[in-house]
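Presented below is the structure to which this report refers.
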Amino acid sequence: MLGLMQDRPLMISSLLEFAARHHRDAEIVSRRVEGDLHRYTYADAAARARRVANALDRLGLAFSDRVGTLAWNGYRHFELYFGVSGSGRVVHTINPRLAPDQVAWIANHAEDQVLCFDMSFLPVIKAIWSQCKTVKHWVALCEADALPADTGIAGLRSYEAWIGAESDTYAWPEFDEKSAAALCYTSGTTGHPKGVLYSHRSTLLHAYGGALPDALAMSARDAVLPVVPMFHVNAWGIPYSAAMTGAKLVFPGAALDGKSVYELIEAERVSFAAGVPTVWLMLLNHMRAGGLKFSTLKRTVIGGSACPPAMIRSFYVDYGVTVLHGWGMTEMSPLGTVCNMKLKQLELPLDAQLAIMGKQGRALYGVEMKIVDPEGQELPWDGQATGDLLVKGPWIMASYFKGEGGDPLVGGWFPTGDVAAIDPDGFMQITDRSKDVIKSGGEWISSIDIENIAMAHPAVAMAACIALPHPKWDERPLLVVVKKPGAVVSREEVIAFYEGKVAKWQVPDDVAFVDAIPLGATGKVQKNKLREQFKGHKLPGA
Ligand code: ADP
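Numbering (this note's numbering), first residue to last: 129 to 670.
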């Protein structure tokens, strides 16, 4: 016997229409590339998303055709999220921090028909437009009069002229909720980037899961600042969860420096912000230098790479902001775990709470996870055993776009490439990416642990730990350090700082001081570049 409930497909368009009806005056504020602040409401956004849908119909785009974006977080990008997916096409967000040739490669692979870009990326578009064979329409996200006449780009138009000519009434189609809605390529640290193709269903379920109190806890009482870019895993689903809950949205545009982010948080009374550790480092440095405090910020979700415990402590103890450590990946939409404490942990002493907050957290309902040994045998959840982390669930990828890389699943589970432990309360802790772990004399050293300790040293601004080959131990750790401006610290002092914090054999063999550590397009340390840079480095005793 089937249940007798209505069979309504989960459609992305319904999120924005819900927000427009129930939260019509809730604000969406954007810092524009032009530098000014733009403000409007969910009702305005929905009207303009309908214009986008009409404009795509007029171009004759077919169902599932891809519309690329090369854009910062802002209201026009938000409209494209809903207008493109809502009308049955696929919004394909491209990371503008990639090299122009990679952008062209990705646009070609995705077979984008339309490409919409912020004016700050006009030089990139000028360089690649002739290589993008499938793109027929180029749309600059600006007013008509901001469009230079002599770009040479065939089929270029301004977004405002394009959608301004359309009606703001549109009947959103209903179709199979499993239809493709959004496409995002992984950073491709090995080989070409691969596309992850989200559906309406996966996006809606992820938006529900992400909004829950033990995930990001988003509500109509929040003002949310996604510093995490909309071009990387849909800003962790925040645009969708925000529309679902009616939260005020604050988009930072291109200004991600500490001063700009701080001013936006204060001016727009942001209660919740999301970003990667490297961006928050700039914010904290700015605040420390100016002796500043937050007046409204209550919590921040930090993920994308491990958040150093020193940062969690500083946010919590110095600024009264709870850090929700989160973990996930492009292939997971991306949310897998978020670290929220349980009732029984609320009375624990501060240090014990901070130790929990340093973990990557508990699985959202909808994400199943397990850790396995090299033979694939499941390991216990005792907080000690570490193994390969595997996941499955309705917002986790089944295969890459166009089947690239073959079948990625192992017995129905997606191998994340991360190594983790899970404690009896279900709190997962990443010890490393499997390719970054340091294999010394048959034992594993977690590069994240070694980095976290260094980051707590008062003279260290940033640290990365990599494996170097060693004749006796196979591999030994090298710590690469960027000092804080004006700080003085020696190799010996850094090494001595590890005393009593880790076993002797885990202490880095050497410390190399550098001016900067290479970061990838999503703000993560590029360890492959570091390994290349220090290829010939001789460790003492090696
Ligand atoms: P890509 O895989 O393309 O580099 P993703 O954003 O999908 O980009 O990266 C996902 C990976 O980032 C995870 O598999 C994990 O290694 C790392 N990661 C994400 N969040 C955390 C975190 N909180 N702690 C440690 N590592 C993290």
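Idealized CB from N, CA, C, for every residue including glycine.
Note down, in chain order, each residue of its chain lying with its Cβ closer than 7 Å to the Cβ of residue i, except the 5 sequence neighbours on either side.
i	result
residue 519	460, 464, 495, 496, 497, 541, 542 and 544
residue 473	481 and 484
residue 360	223 and 650
residue 396	157, 351 and 378
residue 373	339, 346, 347 and 348
residue 177	144, 207, 210, 211 and 214
residue 298	178, 181 and 182
residue 239	194 and 262
With distances taken between CB atoms, is the gap from residue i to residue j smaller than 8 Å?
i	j	result
residue 307	residue 330	no
residue 241	residue 205	no
residue 256	residue 281	no
residue 287	residue 260	no
residue 362	residue 310	yes
residue 605	residue 637	yes
residue 455	residue 402	no
residue 558	residue 659	no
residue 428	residue 449	yes
residue 575	residue 560	yes
residue 181	residue 214	yes
residue 432	residue 466	no
residue 192	residue 218	yes
residue 389	residue 355	yes
residue 626	residue 635	yes
residue 447	residue 422	yes
residue 344	residue 393	no
residue 430	residue 453	yes
residue 633	residue 571	yes
residue 303	residue 137	yes
residue 81	residue 386	Nothing can be reported for residue 81, as the shown portion of the chain is limited to 129 through 670.
residue 220	residue 196	yes
residue 405	residue 435	yes
residue 530	residue 581	no
Would you mind giving the Cβ-Cβ distance between residue i and residue j, rounded to the nearest angstrom? I have them listed as a contact below 8 Å.
i	j	result
residue 200	residue 231	Between residue 231 and residue 200 the Cβ distance is about 15 Å, and since that is not below 8 Å, they are no contact.
residue 183	residue 148	About 19 Å separates the two Cβ atoms, so there is no contact after all.
residue 438	residue 584	4 Å
residue 322	residue 532	5 Å
residue 369	residue 335	5 Å
residue 246	residue 198	7 Å
residue 289	residue 272	4 Å
residue 569	residue 602	7 Å
If you drop the 5 nearest sequence neighbours on each side, which residues of the same chain put their C-beta closer than 8 Å to that of residue i?
i	result
residue 671	This structure gives no information on residue 671, because the portion of the chain shown stretches from 129 to 670.
residue 535	527
residue 668	637 and 638
residue 512	549
Pick helix, strand or coil for residue i, following the three-state DSSP scheme.
i	result
residue 572	strand
residue 541	strand
residue 310	strand
residue 354	strand
residue 456	strand
residue 177	helix
residue 284	strand
residue 470	coil
residue 496	strand
residue 231	helix
residue 168	strand
residue 223	coil
residue 262	coil
residue 387	helix
residue 328	helix
residue 530	helix
residue 558	strand
residue 647	strand
residue 487	coil
residue 585	coil
residue 632	helix
residue 377	strand
residue 426	coil
residue 403	strand
residue 592	strand
residue 344	coil
Leaving out the 5 sequence neighbours to the left and right, which residues in its chain are closer than 6 Å to residue i when beta-carbon positions are compared?
i	result
residue 646	654 and 657
residue 517	499, 544, 546 and 548
residue 590	610 and 645
residue 562	545 and 547
residue 598	604 and 670
residue 228	252, 255 and 256
residue 300	141 and 214
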